[in-house]
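**Student:** Here the numbering used here is used: the first residue of the sequence shown is -8, the next is one more, and so on.
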Amino acid sequence: MKRIVCFSLYLALICSAVWAEERLPNTLSPEEAAEGFQLLFDGKTVSPQIWKNDVKRYPVENGEIVCRGGDLSTIKKYADFELRFEFKLPPGGNNGVKVRGGTEIQILDHFHPKYKGLQPYQFHGSIYYSVPAKRVPEKNDFHKPIGQWNYEQIILQGTKYKVILNGETIVDTDVAEFKGKPSLDGKIHNELQRLEGEIGFMGHGDPVRFRNIRIKELNKK
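Okay, here's the thing in structure tokens:
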């Protein structure tokens, strides 16, 4: 019996070590590596081989990219992809994910009092000006409390957009419906119809933090 118990404990320790290794920040899990995901941030530097524009305004602290304002964009242009990342908002924090070179997907602490009176398309996860994100106030709109890490996935295939926050799909839409037509703000946003472009973060000076940024290109021949 003692041998069985010891062996069980040994297996538990091995499994715990493997699990911890898989969860190290800014690394790919074996599953992600096998699926073709690639890291956009290694936890040490905002690589000039990957990123451009306001690189100096996105310093690295404790293995995290910290926004100090400005635009951080990938050098490479992406068409269909799944982007995975984690973000941590300060109180009232505001940022955005730029996809295909112009469309913004909102990152925002929309619970902060200074954002009273937001339009539906301005809440976190929304495709700015166009598609409101799903909201369930009694579930805190699927946000973790301020100071905790949130996990987000953005999936683009053709004109179809999907945004998943902490495991909950908050946007699932086809922006083709806006071709040649005004969005919710009453204006036509032609950038919604782009099928390729840079990915990046659109800062407003708030110290929003990012880590575990990885991407998989879809439908790539």
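Positions of the beta carbon are idealized from the N, C-alpha and C atoms, including for glycine.
So R185 packs on G116, CB below 8 Å; how close in whole Å?
**Tutor:** Mapped onto the sequence shown, residue 185 falls at position 194. Mapped onto the sequence shown, residue 116 falls at position 125. That belief does not hold up - the Cβ atoms of R185 and G116 are roughly 20 Å apart, past 8 Å.
**Student:** Where do the ends of the alpha helix (DSSP H) carrying E26 lie?
**Tutor:** The residue labelled residue 26 in the question sits at position 35 within the sequence shown. E26 -> alpha helix (DSSP H) spans P21 to E26.
**Student:** Given K153, which residues of its chain have a CB within under 6 Å of its CB, disregarding the five upstream and five downstream residues?
**Tutor:** Counted from its first residue, the sequence shown places residue 153 at position 162. I146 and D163, listed in sequence order.
**Student:** So what does DSSP say about D33, is it helix, strand or coil?
**Tutor:** Residue numbering aside, residue 33 sits at position 42 when the sequence shown is read from its first letter. D33: coil per DSSP, three-state reduction.
**Student:** Between D165 and S174, what straight-line distance do the alpha-carbon atoms span, to the nearest angstrom?
**Tutor:** The sequence position of residue 165 within the sequence shown is 174, counting from 1. The sequence position of residue 174 within the sequence shown is 183, counting from 1. Distance between D165 and S174, taken at the CA atoms: about 13 Å.
**Student:** According to DSSP, simplified to helix, strand and coil, what is F102?
**Tutor:** Taking the first residue of the sequence shown as 1, we reach residue 102 at position 111. F102 falls in the coil class under three-state DSSP.
**Student:** Got a sec, what are the start and stop residues for the beta strand (DSSP E) F201 sits in?
**Tutor:** Position 210 of the sequence shown, counting from 1, holds the residue named residue 201. Segment R200 to E208, the beta strand (DSSP E) holding F201.
**Student:** Flag this pair as yes or no: are the beta carbons of N148 and L209 separated by less than 9 Å?
**Tutor:** Numbered from 1 along the sequence shown, position 157 holds the residue referred to as residue 148. Numbered from 1 along the sequence shown, position 218 holds the residue referred to as residue 209. A small correction: the amino acid at residue 148 is Gln; Asn does not occupy that position in the sequence shown. Yes, Cβ-Cβ distance for Q148 and L209 is below 9 Å.
**Student:** Would you mind reading off the limits of the beta strand (DSSP E) that contains F72?
**Tutor:** If you number the sequence shown from 1, residue 72 lands on position 81. Note, F72: beta strand (DSSP E), F72 to K79.
**Student:** Tell me the DSSP bridge mates of K151?
**Tutor:** As a first step, residue 151 is located in the sequence shown; it is residue number 160 there, counting from the start. Answer is Q148 and D165.
**Student:** Can you check whether the CB of G34 is closer than 9 Å to the CB of E55?
**Tutor:** Taking the sequence shown and counting its residues from 1, the one referred to as residue 55 is at position 64. Taking the sequence shown and counting its residues from 1, the one referred to as residue 34 is at position 43. Cβ distance < 9 Å, so E55 and G34 count as in contact.
**Student:** Quick check: the Cα distance between E216 and K135, rounded to an integer number of angstroms?
**Tutor:** Because the chain spans -8 through 212 in this model, residue 216 falls outside it and cannot be assessed.
**Student:** With distances taken Cα to Cα, identify the nearest neighbour of S121 among E129, E182, I41 and K79.
**Tutor:** Locating residue 121 in the sequence shown gives position 130, counting from the first residue. For the residues E129, E182, I41 and K79, the minimum Cα distance to S121 belongs to E182.
**Student:** On the DSSP bridge list, what partners appear for Q97?
**Tutor:** Locating residue 97 in the sequence shown gives position 106, counting from the first residue. Bridge partners of Q97: G87.
**Student:** Is the CB-CB distance between Y69 and E143 below 9 Å?
**Tutor:** Sequence index remark: in the sequence shown, residue 69 carries index 78 (1-based). Sequence index remark: in the sequence shown, residue 143 carries index 152 (1-based). Their beta carbons are not under 9 Å apart, which means Y69 does not touch E143 by this criterion.
**Student:** Grab the span of the beta strand (DSSP E) containing D62 for me, first residue to last.
**Tutor:** Taking the first residue of the sequence shown as position 1, residue 62 is located at position 71. Counting along the chain, the beta strand (DSSP E) containing D62 begins and ends at G61 to T65.
**Student:** Is it buried or exposed for N131, if we count other Cβ within 10 angstroms and need 16 for buried?
**Tutor:** Here the question's residue 131 lines up with position 140 in the sequence shown. Exposed, by the Cβ-count rule.
**Student:** What distance in whole Å lies between the Cβ atoms of D197 and N85, which are believed to be in contact at a cut-off of 8 Å?
**Tutor:** Along the sequence shown, read from residue 1 onward, the residue named residue 85 stands at position 94. Along the sequence shown, read from residue 1 onward, the residue named residue 197 stands at position 206. That belief holds up - the Cβ atoms of N85 and D197 are roughly 5 Å apart, short of 8 Å.
**Student:** How about E22 and K207: are their beta carbons less than 9 Å apart?
**Tutor:** To locate residue 22, count along the sequence shown from 1; it is residue 31. To locate residue 207, count along the sequence shown from 1; it is residue 216. Their beta carbons are not under 9 Å apart, which means E22 does not touch K207 by this criterion.
**Student:** At a Cβ threshold of 9 Å, is Y112 touching chain C?
**Tutor:** The structure shown contains no chain C; it holds only a single protein chain.
**Student:** Taking the beta carbon of I118 as the centre, do at least 16 other beta carbons fall within 10 Å, making it buried, or is it exposed?
**Tutor:** Numbered from 1 along the sequence shown, position 127 holds the residue referred to as residue 118. Per the 10 Å Cβ criterion, buried.
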